[in-house]
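Novice: What follows is a structure written as structure tokens; I'll ask about it next.
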Amino acid sequence: MNYNWNWGIFFDASPEGNGTYADMLLSGLMWTIVTALCAWVIAFCLGSVIGVLRTLPSKTANAIGTAYVELFRNIPLLVQMFLWYFVLPELLPQRLGDAVKQMPDAPFYTAVVCLGFFTASRVAEQVRAGIQALPRGQRMAGTAMGFTVAQTYRYVLLPNAYRIILPPLTSEFLNNLKNTSVALTIGLLELTARARSMQEFSFQVFEAFTAATILYVIINLCVVTAATFLEKAVAIPGQR
Amino acid sequence: MLSNFDFSVILTSLPYLFGQGMVFTVSLTAMAAAGGVVFGTLLAMARLSGIPGLWHVAKGYVELCRSLPLVLVIFWFYFLVPYIGAYLTGSSTPIQVGAFPSALITFIAFEAAYFAEIMRAGIQSIPKGQTAAAQALGMNYWQTMGNVVLPQAFRNMLPLLLTQTIVLFQDTSLVYVLSLTDFMGAASKVAQRDGRLVEMYIFAALVYFAVCFTASFLVRRLQRRVAIIR
Amino acid sequence: MTSSPMPAPTVTTPAVDADHAPKDDGLQPGSLIAGAQKAAPGETMIAIDAISKWYGEFQVLTNCTTAVAKGEVVVVCGPSGSGKSTLIKCVNALEPFQKGQITVAGTKVLDKATNLPKLRSRVGMVFQHFELFPHLTITDNLTIAQRKVLKRGAEDARKRGLDLLARVGLSAHAHKYPGQLSGGQQQRVAIARALAMNPVVMLFDEPTSALDPEMVGEVLDVMVELAKEGMTMMVVTHEMGFARKVADRVIFMDRGEIVEDARKEDFFGSPRSERAQTFLSKILQH
């Protein structure tokens, strides 16, 4: 095969004029991480609420939770990204819509909100599963102590459920991180997008993608390691 | 605003959206799922084989795929496949591969990692006694796997495999980044040509929702039936 | 009614070497219900009035009526599936019921105006599977509801909790988690946790049936002591030895109905119903 490898390319100046190709990739990595973290805040909070709704005895609460999960799980992320970015501003009142369109860093905010809402539906499913995995007697014991429903969740059910679902939540976090790459379609300059532009500028396809691949693998390892520490830190003595 | 929502743009583009776009999406999904399950099962067997080297490679492959975003993998294969083709045919220049085969190879290779994890759990869920019984009857590894373990594992995991296929169906929309004409690609081409983004994207969302919601509803029903029979 | 509670002696702090040699002192002398709210003697604490309950089409309780007076110990027995656990869970509305009324210390359970959390905080409940909160230390298990429901100060709650923990002989385990204790120890903590709320009545839902046989005694000891101190108790159990020793009355249930409701002496002497006789002969064979 005649492909001209050039691993020195990373230290060449990028045509954008502010640093090397390596700097370009690292700035992409930064956007990937920041977007993933911000989206996760939304996903975790909203997902917890939705997940709890699905475990309440109220039929209405259940229906709202189920509707949310079904809606956000059954539309491809790419389509959701376009709905938030292209469609929503058109449906808002004109002045508000224009303001949204002219917002600086609009792709970033859109990606955060879109990923947050999308991942929330997945977090919700995990939270629901975690709560339902607890012995039925725990809810009863909380209730029998005189806790209100909110207190039973706050002091008894959620602390245990989160511990159970820590491993699947870690993998949802990683999915969320990887999904930030979908936002390149609305112009977010995250890691995959930067690797792609490096390829377009320099024609060194495989160097660019190899570098991106290695960076993704490294963040994955960091997250998995951090999650292992977290699991140890919150493990309850005496439990299997 | 919705007051100037134009239904006619959807109506006139229906043949294009479904005749080309949806056909592409569905065939890509079906073929990638079939290929992914086969390749994934082999990966799972390799990973569980305990053969040094082999299981390391299988594990490494699965974990690598699972730590990369699909979009990056799509780009990887888009550029890599012509070189692989050249290598296989001994050609000195990269071989141009059509959009569909390129996408198909990408999705089989990528989704196999996810199917492999499902099949691995499925194989592990079959009691050791089943393998022992098959071996006691004189079956070798491939006979045991083919006649006893895999049929049961496949059956137990069917709901999960189908759910993953629904995810795959949604994931195929990402071939948009290569400007291919899958359903979403078709919708966005019409949207940009006619300047009708609102109509086309909402319509695309509705279609995806209808298909995936119905499919996952059916999978849940199947799951309940499988659970009862077991 | 038996002895009135003695004033609580001052708590001795756990021994310094407790960490190295966790002790299980068993039941300690002193009162378990010091400071419990007292009602006038003879007052009805639990009135169960013609309640019926359905799960969909299936009727699990049929027209059950009984009452428990202040200081009385009532044992509820019957074959499995007879509705005895369901009945006791109706008392603090853990299980909803469709017909009839239950009144606990003058408060109607089936009434929109009733503050259920408040009612429940005055009714202690002990579960078959202990249901300690696994993520909290023993001390936190004993104090959390005192602080969050009764709004007691952290120090008061802690003192009350550790006091009761000492009384059930588990002071050395205050800093541990439930998973590190044996079943019998967990159940004693669960009783202490319920008592920490100063309940006016205590409900026990098969408190010993999930325990290994050698641990049943230590839990029953605590319950016997509690009964002697005059706590109003409703106990679902198969432990007929316990019933003989401390029960005032025995209720026998079968298929969702109260078949027999008799003084202990009458029940064990000559049960009137055939079903109760069969049940007793089966249970007492062992």
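Residue numbers (our numbering), protein chains in the order written: chain A, 2 to 241; chain B, 18 to 247; chain C, 12 to 297. Even glycine gets a Cβ: it sits at the ideal position worked out from N, Cα and C.
Can you tell me which of B/Pro69, B/Gln152, B/Ala138 and B/Gly202 puts its alpha carbon nearest to the alpha carbon of B/Arg172?
Specialist: Checked all of B/Pro69, B/Gln152, B/Ala138 and B/Gly202; the closest Cα to B/Arg172 is B/Ala138.
Novice: Since A/Gln200 and A/Ala209 are thought to touch, with beta carbons under 8 Å apart, how far apart are those beta carbons, to the nearest angstrom?
Specialist: That pair is a contact at about 5 Å.
Novice: Here's the rule I'm using: 16 or more other beta-carbon atoms within 10 Å means buried, otherwise exposed. How should B/Leu34 be labelled?
Specialist: Buried, by the Cβ-count rule.
Novice: Looking at the secondary structure, which residues open and close the alpha helix (DSSP H) in which C/Glu166 lies?
Specialist: Counting along the chain, the alpha helix (DSSP H) containing C/Glu166 begins and ends at Ala165 to Arg178.
Novice: Taking all protein chains shown into account, decide if C/Phe69 is buried (16 or more other Cβ within 10 angstroms of its Cβ) or exposed.
Specialist: C/Phe69 should be labelled exposed.
Novice: I'd like the list of long-range same chain contacts for A/Thr144, defined as Cβ closer than 7 Å, with 5 residues on each side in sequence excluded.
Specialist: The residues are Thr153.
Novice: Hey, is A/Ile252's beta-carbon within less than 9 Å of any beta-carbon in chain C?
Specialist: Look at the range of chain A in this structure, 2 to 241, and you will see that residue 252 of chain A is not part of it.
Novice: To the nearest angstrom, report how far apart A/Lys233 and A/Arg164 are at their CA atoms.
Specialist: A/Lys233 and A/Arg164: Cα-Cα distance of roughly 10 Å.
Novice: Would you call A/Asn19 buried or exposed, if buried means 16 or more other Cβ atoms sit within 10 Å of its Cβ?
Specialist: Burial call: exposed.
Novice: Give the DSSP-derived three-state secondary structure of B/Val90 in the structure shown.
Specialist: B/Val90 falls in the helix class under three-state DSSP.
Novice: Kindly indicate if chain B contains any beta-carbon less than 9 Å away from that of A/Thr36.
Specialist: With 9 Å as the cut-off, A/Thr36 does not count as an interface residue toward chain B.
Novice: Kindly indicate which three-state DSSP category B/Leu185 falls into: helix, strand or coil?
Specialist: Note: B/Leu185 maps to helix in three-state DSSP.
Novice: So is B/His73 buried or exposed if we call it buried at 16+ other beta carbons inside 10 Å?
Specialist: Classification of B/His73: exposed, given that the 10 Å Cβ count is below 16.
Novice: Anything in the segment 129–140 of chain C with a Cβ closer than 7 Å to a Cβ of chain A? List those residues in chain order, please.
Specialist: For the segment 129–140 of chain C, which is checked against every Cβ of chain A, the residues closer than 7 Å are Lys129, Arg131, Ser132, Met136, Phe138 and His140.
Novice: By how many angstroms is the C-alpha of C/Thr114 removed from the C-alpha of C/Ala61?
Specialist: Their backbone Cα atoms lie some 12 Å apart in a straight line.
Novice: Identify, in the order they occur along the chain, each residue of the same chain with its Cβ nearer than 7 Å to the Cβ of C/Gly46, setting aside the five sequence neighbours on each side.
Specialist: The predicted model places C/Gly46 with a pLDDT of 49, which falls under 50 and marks its position as unreliable, so this point remains unresolved.
Novice: Mind checking the segment 177–201 of chain C against chain A and listing, in chain order, the residues whose C-beta falls within less than 9 Å of any C-beta there?
Specialist: The residues in question are Lys187, Tyr188, Pro189, Gly190, Gln191, Leu192 and Ala201.
Novice: Comparing C-alpha positions only, which one of A/Leu192, A/Leu93 and A/Ala134 sits nearest to A/Ile219?
Specialist: Ranking A/Leu192, A/Leu93 and A/Ala134 by Cα distance to A/Ile219 puts A/Leu192 first.
Novice: Where does the unbroken beta strand (DSSP E) through C/Lys110 begin, and where does it stop?
Specialist: Looking at the DSSP string, the run of the beta strand (DSSP E) that includes C/Lys110 is Lys110 to Val115.
Novice: Closest to C/Val102 by CA distance: which of C/His186, C/Pro90, C/Gly92 and C/Leu72 is it?
Specialist: Closest by alpha carbon: C/Leu72.
Novice: Mind pulling the beta strand (DSSP E) runs of 3 or more residues that sit fully within the segment 168–238 of chain C?
Specialist: DSSP runs (the beta strand (DSSP E)) wholly in the segment 168–238 of chain C: 212–216.
Novice: Please determine if the segment 123–134 of chain B and the segment 70–89 of chain B are in contact, where contact requires at least 3 C-beta pairs separated by less than 8 Å.
Specialist: Yes: the two stretches touch, three or more of their Cβ pairs being nearer than 8 Å.
Novice: Would you decide whether C/Gln48 is buried or exposed? Buried here means 16 or more other CB atoms lie within 10 Å of its CB.
Specialist: Low confidence applies to C/Gln48: its pLDDT is 47, below 50, so where it sits in the model is not reliable enough to give any reading.
Novice: Using beta-carbon positions only, say whether C/Glu229 and C/Arg199 come within less than 9 Å of one another.
Specialist: Going by C-beta atoms, C/Glu229 is nearer than 9 Å to C/Arg199.
Novice: Given a threshold of 16 other Cβ atoms within 10 Å of its Cβ, counted over all protein chains shown, does B/Lys145 qualify as buried or as exposed?
Specialist: So B/Lys145 ends up on the exposed side.
Novice: How many Å lie between B/Gln187 and B/Arg64 at the Cα?
Specialist: Whole-angstrom Cα-Cα distance: 28 Å.
Novice: How many angstroms separate the CA atom of C/Asp265 from the CA atom of C/Lys110?
Specialist: Taking the straight line from one Cα to the other gives about 19 Å.
Novice: Could you tell me which chain A residues have their CB closer than 9 Å to the CB of B/Ser233, listed as they occur along the chain?
Specialist: By Cβ distance, chain A contributes Glu71, Arg74 and Asn75.
Novice: Does any CB atom of chain A fall closer than 9 Å to the CB of B/Asp188?
Specialist: Taking Cβ atoms only, chain A reaches closer than 9 Å to B/Asp188, which makes this a yes.
Novice: Short of 7 Å Cβ to Cβ, which residues in the segment 109–127 of chain A face chain C?
Specialist: Those would be none; no residue qualifies.
Novice: Less than 9 Å between the C-beta atoms of A/Phe12 and A/Tyr4, yes or no?
Specialist: No, these two residues do not count as a Cβ contact at 9 Å.
Novice: Cα-Cα, which of B/Arg242, B/Gln240, B/Arg238 and B/Phe230 is closest to A/Thr67?
Specialist: Answer by Cα proximity: B/Phe230.
Novice: DSSP three-state call for C/Glu271: helix, strand or coil?
Specialist: DSSP places C/Glu271 in strand when its eight states are reduced to three.
Novice: List, in chain order, every chain C residue whose beta-carbon is nearer than 7 Å to that of A/Val157.
Specialist: Per Cβ cutoff of 7 Å: Phe144.
Novice: Specify the secondary structure class of B/Phe56 as computed by DSSP and reduced to three states.
Specialist: Three-state DSSP puts B/Phe56 in a helix.
Novice: Can you give me the C-alpha to C-alpha distance between A/Ala40 and A/Ser182, rounded to a whole angstrom?
Specialist: Those two C-alpha atoms are separated by around 13 Å.
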